[in-house]
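Undergrad: Residue numbers (our numbering): 225 to 399. Glycine is no exception: its CB is placed at the ideal position from the N, C-alpha and C atoms.
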């Protein structure tokens with residue numbers, strides 16, 4: 225019996241290895257190349273608006289964008305301010321959109337976004353998350369003012385129609 229279990233496990237491992245050995249590494253696409261504008265280290269400062277009654281909270285931090293996993297995922301790490309987190313951006317070939325998955329210290333669930341370039345300077349993402357028992361719709365616009373400066377505006381809504389600004393940030397490239 226023990227030999228049979230070992231034999232079955234060995235067969236499983238060998239079949240798994242052969243399946244993965246046949247997979248080709250992902251190819252770089254033009255859509256991924258467009259994300260190169262993010263790569264580098266950035267300082268950020270701005271304001272977060274938790275809700276309509278709470279005064280704005282000033283925030284500052286540093287962020288990095290770097291390619292990982294065969295240059296198919298762009299890792300975004302943010303820290304130094306109240307909000308600390310990281311996310312991954314890639315091109316979702318099946319949906320024909322970019323996918324962005326965000327994790328941070330303020331919300332215990334990841335947030336997923338999808339979107340695209342609206343024009344050569346504006347990268348727009350839309351998502352929704354559950355927060356304190358409510359569904360929150362979100363929009364994030366990354367507007368490249370030039371190669372060293374980005375303006376980010378995040379908007380939120382509880383009904384998916386009427387959005388309010390929840391954060392305004394300026395990113396300056398350090399290197």
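Between 331, 377, 286, which lies nearest to residue 348 when the distance is taken from Cα to Cα?
TA: Minimum Cα distance to residue 348 is reached at 377.
Undergrad: Pick out whichever of 283, 293, 292, 296 has its Cα sitting closest to the Cα of residue 304.
TA: 283
Undergrad: What's the C-alpha gap between residue 259 and residue 278?
TA: Cα-Cα distance, rounded: 35 Å.
Undergrad: Tell me the DSSP secondary structure of residue 262 in three-state form.
TA: helix
Undergrad: Measuring straight from C-alpha to C-alpha, what distance separates residue 287 and residue 265?
TA: 6 Å
Undergrad: So, with DSSP's three-state summary, where would you put residue 254?
TA: helix
Undergrad: Around the Cβ of residue 253, are there at least 16 other Cβ atoms within 10 angstroms (buried) or fewer (exposed)?
TA: By the 10 Å Cβ count, residue 253 comes out exposed.
Undergrad: Taking Cβ to Cβ, would you say residue 392 is nearer than 7 Å to residue 270?
TA: yes
Undergrad: I need the boundaries of the beta strand (DSSP E) containing residue 361, first residue and last residue.
TA: 358–370
Undergrad: Quick one: complete beta strand (DSSP E) runs, 3+ long, within the region 279–331?
TA: 281–292, 297–303, 309–316, 321–328
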